[in-house]
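Here the protein sequences line up with chains A and B, keeping their order. Using the UniProt record's numbering, you'd call the opening residue of the first sequence number 1 and step up by one each time. Using the UniProt record's numbering, you'd call the opening residue of the second sequence number 1 and step up by one each time.
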Amino acid sequence: MNTNSMNPKVDRRDGKLTMAHFYVAFIALAIGGLAGLLQTLVRSGKFQLPTWTGYYQILTLHGVVLGLVLTTFFIMGFQLALVSKTSGTFTRKQRLTGWIGFWTMTIGTIMTAIMILTNQASVLYTFYAPLQAHALFYLGLTLVIIGSWIDGAAIIMAYTSWRKANPGKPSPLLTFMSLVNTLMWIVATIGVAATVLFQLLPWSLGLVDRVDVLVSRTLFWYFGHPLVYFWLLPAYMAWYAIVPKIIGGKIFSDSLARMSFILFLLFSIPVGFHHQLMEPGIDPAWKFLQVILTFLVVIPSLMTAFSLFATFEMYGRSKGSTGLFGWVKKLPWGDARFAVPFIGMLAFIPAGAGGIINASNQLNQVVHNTIWVTGHFHLTLATSVVLTFFGISYWLVPHLTGRVLTKAMNKLAIIQGVVWAIGMTFMSGAMHAAGLLGAPRRSSFSTYGGSEQAAEWIPYQIAQAVGGTILFLGIILMLYIFVNLAFFAPKGEEEFPVGEVADQAEKTPMVFENWKLWLGITVLLILFAYTIPFIDMIQNAPIGSKGYKFF
Amino acid sequence: MHIHKFEKIWLIFGVTTLIIFLTVIGVSAFYLGNQPPSCLATVNPENVDTTAPFNEPGLKKVEGKEWDYELVFVASAFSYNPGKVEVPLGAKVKVIATTKDVIHGFEVAGTNINMMLEPGFISEYVTTFDKAGEFLIVCNEYCGVGHHTMTSKIEVIE
């Protein structure tokens, strides 16, 4: 890591930009969390929503606000802070770009929220045509994405000026990682932007009558899978390069960390068909090809797991631990900045295994669109990623607001992590089990005409409501800690931990900074995986669909 | 670039497992024919009711094909036609379904039948009903306010 350009403290003006993103993110957590609680209660069969709202309206709110708003705002805010810390304070122009991005995303979010709250867009966060939302819903989402591109431009500009100032040197690791995630995000969001701008928006405005459903879904899922890696990679940044510093250890290998990020860039995008395995109109050979590409991300995932546990073990042994697992005891379990993300890492073991099942071509038939899938991504996104984001907030928010994480708050933060783990064990565990019995996802409470099979699902739905309630308590705790760290905690200096590379690690090769090469391969892989099936889809397309508003 | 010896072992083990795994699902799909439902045929969603075989939903015995029966379903918000159907135990059946409006799901709980119904496309899956009893069909893709009421039944009788 190049420490010469690193700021001891993030500049106050850059800090404000990140905090603006975080305020929106945590407001989204509050709203989306409440919506999630209501869904689990409704689906238990013991609770009914007031007549002025409905299950699917609340479900749309939950998905949009947590899956798109919380994540995008938190990630962009976090990455801006990482770049400002490791590559130097933003120039006026870069910071202004960041603010324009922030306001564009915020205006888009407000537009989208109004459309959902007035029940003109109960189409869920995947907005599959031919269900048709109000045009302002699509326009709002477009602005969120364009805003995130503008934020991304600030990151790219800061990276470029660092490289110019430091010729021949590899960029700081956390800046490099933020850049990879930003580039992946830009390449991936082109798909969803294309379906929204060229298909859904003109169609919802009445400029065209019909929409090609399969093309729209394919463009959506071209974006939909890299979306989950866009959520995951910031957690990996913390695991690779920040957690080692928190525990007092070193980064295992700078080069391997960069290589795994490059592999994620290459293999996150040409894989969308594994979300479309059960659908007609796509040749099964192309589905299988994308299944193989999907599984290539197993390699960087294994590298990450190895590197994390190598760091933990090396640290424990340096503190004199003996035996095969003696090092586990030496880890700082009382430090929320480590313990909370660690719960997230543990959750990633069953989460990853479930993901392998989901993507397994014909095996997907057993679980597709059952609530098993919901259970799966509440382990990946809503545990591994979100707990790591919470763990980041515990030091980043006070660092940016000039306050400290007190002992009392640290303890509360650990309790928050444990509450989350318990709640999620109930909720996600019950979702996985009910899904294997066939219970569908995204469905309100139903006895399905007194069906015996559906009756078997109900006890699991009650367990989901118990878990959902515990998780909601976790959200209240998190919001309390966030407000404390942002406004009330004692003034002081909180460390921004940035890991250093282990002494025996080798010099980082410059090939990782060759963006023509990596983006070139990314584009080639995308063209390889998508060109022929996409041409097939357009050539053999049935007549398009008119819009339906069944909500 | 240097890679630690243990990490090499770990990655070689992982990648080998991955190759074996992908080979297994590949052989199952392409040699044994266990492909996910991927029918390429299309239909005009506005003329479904007058297009064969969807003009006669339900179970029909067929001759000279690899399957004994064809079971035709038409989905629309928020119901399936037929609303209930009986299938003889042990019958090899080709399930053929489509939708007249938005995207619906077609999942027969407790079986491997699970496919997306998309406007303009026909979805097919060949299966053998080798367990007697009542099987619930649910729509597992959100289709609107009545999504959770959309259901049908397959009764497998001896």
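Ideal Cβ positions, reconstructed from N, Cα and C, are used throughout, including at glycine.
Under the rule that 16 or more other beta-carbon atoms within 10 Å means buried, what is residue i, buried or exposed?
| i | result |
| --- | --- |
| residue 13 (chain A) | exposed |
| residue 48 (chain A) | exposed |
| residue 151 (chain A) | buried |
| residue 310 (chain A) | buried |
| residue 265 (chain A) | buried |
| residue 275 (chain A) | buried |
| residue 504 (chain A) | exposed |
| residue 322 (chain A) | exposed |
| residue 92 (chain A) | exposed |
| residue 16 (chain B) | exposed |
| residue 514 (chain A) | exposed |
| residue 125 (chain A) | buried |
| residue 330 (chain A) | buried |
| residue 85 (chain A) | buried |
| residue 57 (chain A) | buried |
| residue 1 (chain A) | No answer about residue 1 (chain A) holds up, because its pLDDT of 43 lies below 50 and its placement is not dependable. |
| residue 3 (chain A) | Unreliable positioning characterises residue 3 (chain A) in this predicted model, as indicated by a pLDDT of 47, which lies under 50. The coordinate reading is nonetheless provided below. Exposed. |
| residue 518 (chain A) | buried |
| residue 335 (chain A) | buried |
| residue 221 (chain A) | buried |
| residue 62 (chain A) | buried |
With the cut-off set at 8 Å, would you say residue i and residue j are in Cβ contact?
| i | j | result |
| --- | --- | --- |
| residue 444 (chain A) | residue 211 (chain A) | no |
| residue 182 (chain A) | residue 82 (chain A) | no |
| residue 537 (chain A) | residue 116 (chain B) | no |
| residue 94 (chain B) | residue 124 (chain B) | yes |
| residue 103 (chain B) | residue 213 (chain A) | yes |
| residue 37 (chain B) | residue 57 (chain B) | no |
| residue 252 (chain A) | residue 307 (chain A) | yes |
| residue 262 (chain A) | residue 512 (chain A) | yes |
| residue 559 (chain A) | residue 155 (chain A) | Here chain A has residues from 1 to 551 only, and residue 559 (chain A) is not among them. |
| residue 113 (chain B) | residue 39 (chain B) | no |
| residue 191 (chain B) | residue 543 (chain A) | This structure cannot settle anything about residue 191 (chain B), because the visible part of chain B is limited to 1 through 158. |
| residue 395 (chain A) | residue 494 (chain A) | yes |
| residue 53 (chain B) | residue 70 (chain B) | yes |
| residue 51 (chain A) | residue 121 (chain A) | no |
| residue 498 (chain A) | residue 241 (chain A) | yes |
| residue 550 (chain A) | residue 75 (chain B) | no |
| residue 246 (chain A) | residue 533 (chain A) | no |
| residue 474 (chain A) | residue 423 (chain A) | yes |
| residue 153 (chain A) | residue 97 (chain A) | yes |
| residue 369 (chain A) | residue 441 (chain A) | yes |
Beta carbon of residue i: closer than 7 Å to some heavy atom of the ligand MN?
| i | result |
| --- | --- |
| residue 321 (chain A) | The ligand content of the structure shown is nil, which means the ligand MN is not present either. |
Inset, instruction - With 9 Å as the limit, tell me which residues of the segment 176-202 of chain A have their beta carbon closer than that to any beta carbon of chain B; keep them in chain order. - result: none
Inset, instruction - Indicate whether the contact test is met: 3 or more Cβ pairs, each with one atom in the segment 332-342 of chain A and one in the segment 388-397 of chain A, closer than 8 Å. - result: yes
Inset, instruction - Decide yes or no for the touch test of the segment 286-298 of chain A against the segment 355-365 of chain A: beta carbon pairs closer than 8 Å, at least 3 of them. - result: yes
Inset, instruction - Would you check if there are 3 or more beta carbon pairs closer than 8 Å linking the segment 219-232 of chain A to the segment 187-201 of chain A? - result: yes
Legend entry - Completely contained beta strand (DSSP E) runs for the segment 25-98 of chain B, where each covers 3 or more residues: The segment 25-98 of chain B contains these whole beta strand (DSSP E) runs: 58-61, 69-76, 79-81, 84-88.
Inset, instruction - With 8 Å as the limit, tell me which residues of the segment 88-102 of chain B have their beta carbon closer than that to any beta carbon of chain A; keep them in chain order. - result: 101, 102
Legend entry - Meets three-Cβ-pair contact criterion under 8 Å: the segment 458-475 of chain A and the segment 31-46 of chain A: yes
Legend entry - Ordered list of alpha helix (DSSP H) runs contained in the segment 174-237 of chain A, each at least 4 residues: 201-204, 213-237
Legend entry - Touching by the beta-carbon criterion (3+ pairs, under 8 Å), the segment 248-262 of chain A and the segment 146-164 of chain A: no
Inset, instruction - Could you name the residues of the segment 32-50 of chain B whose beta carbon sits closer than 9 Å to any beta carbon of chain A, in the order they occur along the chain? - result: 34, 35, 36, 37, 38, 39, 40, 41, 42, 43, 44, 45, 46
Inset, instruction - Check each residue of the segment 15-49 of chain A: if its Cβ is closer than 7 Å to any Cβ of chain B, include it; give the result in chain order. - result: Of all residues in the segment 15-49 of chain A, none comes within less than 7 Å of chain B when Cβ atoms are compared.
Inset, instruction - At 4 residues or longer, and completely inside the segment 270-317 of chain A: list those alpha helix (DSSP H) runs for me, N to C. - result: When DSSP assignments are scanned along the segment 270-317 of chain A, the uninterrupted stretches of alpha helix (DSSP H) that are 4 or more residues long and fall wholly within it turn out to be 284-295.
Legend entry - Contact between the segment 140-151 of chain A and the segment 100-108 of chain A (3+ Cβ pairs under 8 Å): yes
Legend entry - Every unbroken alpha helix (DSSP H) within the segment 384-452 of chain A, with a cutoff of 4 residues, ordered by chain: 386-401, 407-436
Legend entry - chain B contacts made by the segment 264-286 of chain A, where a contact means CB separation under 7 Å: 277, 278, 279, 280, 281, 282, 283, 284
Inset, instruction - Could you tell me whether the segment 132-144 of chain B touches the segment 447-456 of chain A, where touching means 3 or more Cβ pairs closer than 8 Å? - result: yes
Inset, instruction - Name, going along the chain, the residues of the segment 352-368 of chain A whose beta-carbon falls closer than 9 Å to a beta-carbon of chain B. - result: 356, 360, 361, 362, 363, 364, 365, 366, 367, 368
Legend entry - Cβ pair count under 8 Å reaching 3, the segment 408-419 of chain A against the segment 431-439 of chain A: no
Legend entry - At least three beta-carbon pairs within less than 8 Å, the segment 15-27 of chain A to the segment 60-77 of chain A: yes
Legend entry - Contact set between the segment 499-513 of chain A and chain B, restricted to residues whose Cβ is under 7 Å from the partner: 506, 509
Inset, instruction - May I ask you to list, following chain order, the residues of the segment 101-128 of chain B that have a beta carbon less than 7 Å from some beta carbon of chain A? - result: 101, 102, 103, 105, 107, 109, 110, 112, 114, 115, 116, 118, 119, 120, 121, 122, 123: these are the residues of the segment 101-128 of chain B whose beta carbon lies less than 7 Å from some beta carbon of chain A, given in chain order.
Inset, instruction - Would you check if the segment 525-539 of chain A and the segment 280-290 of chain A touch, i.e. whether three or more CB-CB distances between them fall below 8 Å? - result: yes
Legend entry - Cβ pair count under 8 Å reaching 3, the segment 414-432 of chain A against the segment 369-388 of chain A: yes
Inset, instruction - Give the residues from the segment 137-155 of chain B that approach chain A closer than 8 Å (Cβ to any Cβ), ordered along the chain. - result: 138, 139, 140, 141, 142, 143, 144, 145, 146, 147, 148, 149, 151, 153
Legend entry - chain A contacts made by the segment 1-18 of chain B, where a contact means CB separation under 8 Å: 1, 2, 3, 4, 6, 7, 10, 11, 14, 15, 18
Inset, instruction - Could I get the ranges of all uninterrupted alpha helix (DSSP H) runs contained in the segment 72-157 of chain A, with 4 residues as the minimum, in chain order? - result: 92-117
Inset, instruction - For the segment 212-224 of chain A, enumerate the residues whose C-beta is nearer than 7 Å to any C-beta of chain B, in chain order. - result: So the close ones are 213, 214.
Inset, instruction - Return the residues of the segment 420-454 of chain A that lie within a Cβ-Cβ distance of less than 9 Å from chain B, sorted by chain order. - result: 437, 438, 439, 440, 441, 442, 443, 444, 445, 446, 448, 449, 451, 452, 453, 454
Legend entry - Interface positions of the segment 108-137 of chain A facing chain B (Cβ-Cβ less than 7 Å), listed along the chain: 124, 128, 130, 131
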